[in-house]
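Here is the structure we will look at.
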Amino acid sequence: MEEAIDDNMREQIHAEQIKLMHSSIPVLLFINLIIGMAISYGFSDIVPFYTIVLCLGLLVTMVLVRALFFLHYKNKFRSQNLRPFKLSIIVGSAFAGAIWGTIGILYFPLENQTYQFFLLMSLFAMTGGSAFTYSLYLPGYFAYVPSILLPITIQFFLFGDKLHNTLGIVSAVFLIVLTAFNIKINKNFKTSLGLRFENNLLVEQLKEQKEEAERADKAKSKFLAAASHDLRQPLYSLSLFTSVLDESAKDPKTRKIVDQINLSVDALKSLFDALLDISKLDAGAVEAKPIIFPVQAMFDKLANAFDLQAAEKNLFIKWPISTYSVKSEPDLLEQILRNYLENAIRYTDSGEITVKCVVKDDNLTISISDTGIGIPPEELQDIYIEFHQLNNTHRDRKKGLGLGLAIVDRTAKLLGHTIDVESEVGIGSTFSINIQHIKSNSDSQKPALNMSVNSEAESSLLIAIVDDEESIREGMSQLLKIWNCGVIVAASGEELFAQLELVKRKPDMLITDFRLANEMTGADVITMLNTKFDESIPVLIITGDTDQKRLEKMNTGKWQVLHKPVPAAKLRAFIRSIQSNV
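Quick note: the sequence shown uses the numbering used here, first residue 695, plus one each step.
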């Protein structure tokens, strides 16, 4: 088997050598033609004209013939049939070498030693310059280089004097050294090709093994997910019978046995549910259907479920009061938070658990902090691995199964949310989830939550606020409501128009930031608003921008522009000027 692999690899190496050598032919032909013309020009004063014409004619003929062969085989390279390409390289190299060898003889000046030396150096340059390319394929090298250098070397020795003998020796030594050098390069090149093909083979084998493992894992997960109903039935029956025993058993000894059975059944149910949850996630059987919903309703539900459980350990859970809505899958997000809370209660013996909501960069981060045992730094990277638990080497079922965070990790990836953990041994841990697409309650689908327009203000000034900063929208809204103005707040032009459709009223005034999210500007919102109502609406641009081009654009729009921070008195004065005209 190993010999077969070696033979196959040798064939691959051979094919790669031929391919690379064949691709180098255009450059070699170009060099041959240019150097041949240059040498002919340099020797035109001492070599007969007809000799130059003959040599150049042979050289051009060689270039044309080899170019035609190259073009013919350019798009026909097949590693299964290398014979025509090998012949093209060997015969073409021998043809080129013979022509240059002929030039070395015909251009050789018998009386002028300077030109003899110049001719020798020119041939050295031709062979040395192309040696690396020909080292890729030694048959081509031996067909080309010796054919060039041997004729002029023999010519030097035929003179018999010391100078020409010396030049002959130099030429012969150069040929020997060049040949040895190219043989070594060729060997190293073939070794590197062999290593490359071995690595490619290993990568392919690894890829196949990985795909096979993934297929097996997915098949396992699909089997568990599909068989969940059939597996749950006997477990459910078992729990029913243990319930009957629980009601019937009165004897203390029997009661103790029944209690142990109940504990075992509960542990089995917990393990089974967790395994099925992971299998469904791995098999892709769980589909996330994100919707926009208020997080406060979810916190209320979790409080009902965990407050009593925490109180049993003398722990207190601090819950936030949140006015935000998020885009996520409610059940899956709740499952993540449930796992966080269960771990927090399980690993906290004293102190409190704090649930927080923090808004930053249009994202909502929900974090759950405890004052428990904490996690060592070296363990943090392993907490999401199945069955990995801290301080539970004896696998005490009361300390959980080690599957909760594995489920959290998979569920968060499914939802597209990021999770994080910070912990310090002896101090506690904070687990968090970052949810994109945050929307305040003013973005809900209910008109009462979409805007802050109260009954007293409906007949007064209605002001639209567009700003992509939540804190600015909230602060501006509160201030305007104190002044008894109706307020619509939005982070973009699209949100503003969605709310205007609900209120069925044209705003009396627009207050907008100039630079908004997603490359939209206040000018875009103004244009859209004026187009919708077919009239110009009073505009106040509040900006912190210092870019000269944007400032010029604001001024050309003939809008009222105030720069941040805006004093309340200036804002109030502008609003009163609008009220007087309404």
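Ideal placement from N, C-alpha and C gives every residue a C-beta, glycine not left out.
Three-state secondary structure (DSSP) of residue i
i: residue 731; result: helix
i: residue 952; result: helix
i: residue 988; result: strand
i: residue 1023; result: coil
i: residue 923; result: Its pLDDT being 49, under 50, residue 923 is placed unreliably in this model, and the coordinates cannot settle the point.
i: residue 1130; result: coil
i: residue 1047; result: strand
i: residue 1225; result: helix
i: residue 1094; result: In this prediction, residue 1094 has a pLDDT of 44, which is less than 50 and means its spatial position is unreliable; what the coordinates show is noted afterwards. Three-state result, residue 1094: coil.
i: residue 1213; result: coil
i: residue 725; result: helix
i: residue 736; result: helix
i: residue 827; result: helix
Own chain partners of residue i with C-beta closer than 8 Å, once the 5 adjacent residues on each side are dropped
i: residue 755; result: none
i: residue 989; result: 1016, 1018, 1019, 1020, 1051, 1058, 1060
i: residue 1264; result: 1256
i: residue 718; result: 827, 830
i: residue 776; result: 708, 709, 712
C-alpha distance - residue i paired with residue j, whole-angstrom precision
i: residue 1112; j: residue 1187; result: 28 Å
i: residue 1116; j: residue 1057; result: 19 Å
i: residue 1126; j: residue 1108; result: 16 Å
i: residue 1013; j: residue 1230; result: 47 Å
i: residue 708; j: residue 879; result: 15 Å
i: residue 746; j: residue 890; result: 47 Å
i: residue 887; j: residue 713; result: 13 Å
i: residue 816; j: residue 786; result: 21 Å
i: residue 996; j: residue 903; result: 44 Å
i: residue 809; j: residue 720; result: 30 Å
i: residue 1211; j: residue 1205; result: 16 Å
i: residue 1160; j: residue 1190; result: 7 Å
i: residue 871; j: residue 706; result: 29 Å
i: residue 892; j: residue 884; result: 12 Å
i: residue 899; j: residue 780; result: 32 Å
i: residue 1070; j: residue 1043; result: 18 Å
i: residue 1010; j: residue 1041; result: 14 Å
i: residue 814; j: residue 865; result: 8 Å
i: residue 1039; j: residue 1110; result: 27 Å
i: residue 1232; j: residue 1253; result: 8 Å
i: residue 1327; j: residue 992; result: As shown, the chain starts at 695 and ends at 1276. That puts residue 1327 outside it, with no answer to give.
i: residue 905; j: residue 895; result: 15 Å
i: residue 981; j: residue 1103; result: 15 Å
i: residue 1174; j: residue 1220; result: 20 Å
i: residue 838; j: residue 731; result: 19 Å
i: residue 695; j: residue 703; result: Unreliable placement is indicated for residue 695, whose pLDDT of 37 sits below 50; no coordinate value is reported for it.
Cutoff 6 Å; reference residue i; Cβ partners in own chain excluding five residues on either side
i: residue 1268; result: 1234
i: residue 795; result: 841, 842, 845
i: residue 850; result: 858, 861, 862
i: residue 734; result: 746, 750
Neighbour flag for residue i against chain C, beta carbons, 9 Å
i: residue 735; result: Checking the listed chains, one finds no chain C in this structure; it contains a single protein chain.
Local Cβ density within 10 Å of residue i, reported as buried at 16 or more and exposed below that
i: residue 811; result: exposed
i: residue 1140; result: Bear in mind that a pLDDT of 35 at residue 1140, under 50, signals an unreliable position, so the model cannot answer this.
i: residue 1170; result: buried
i: residue 1129; result: buried
i: residue 1123; result: buried
i: residue 1027; result: buried
i: residue 1178; result: exposed
i: residue 945; result: exposed
i: residue 739; result: exposed
i: residue 1023; result: buried
i: residue 1201; result: buried
i: residue 1148; result: Because the pLDDT of residue 1148 is 38, which lies under 50, any placement of that residue in the model is unreliable, and the number read from its coordinates should be weighed accordingly. Exposed, by the Cβ-count rule.
i: residue 1270; result: exposed
i: residue 1063; result: buried
i: residue 1001; result: exposed
Own chain partners of residue i with C-beta closer than 7 Å, once the 5 adjacent residues on each side are dropped
i: residue 856; result: none
i: residue 1105; result: 975, 1026, 1029, 1030
i: residue 723; result: 757, 760, 761
i: residue 818; result: 868
i: residue 1351; result: Lying outside 695 to 1276, the shown extent of the chain, residue 1351 is not represented and no answer is given.
Selected residue, minimal CA-CA separation from residue i, among the options
i: residue 1163; options: 1196, 1223, 1053; result: 1053
i: residue 1007; options: 1066, 896, 955; result: 1066
i: residue 797; options: 1099, 1199, 741, 866; result: 741
i: residue 834; options: 803, 792, 854, 1174; result: 792
i: residue 716; options: 1036, 784, 874, 908; result: 784
i: residue 727; options: 736, 753, 737, 1220; result: 753
i: residue 729; options: 1228, 790, 848; result: 790
i: residue 1185; options: 1176, 1203, 1224, 1215; result: 1215
i: residue 994; options: 986, 825, 985, 1032; result: 1032
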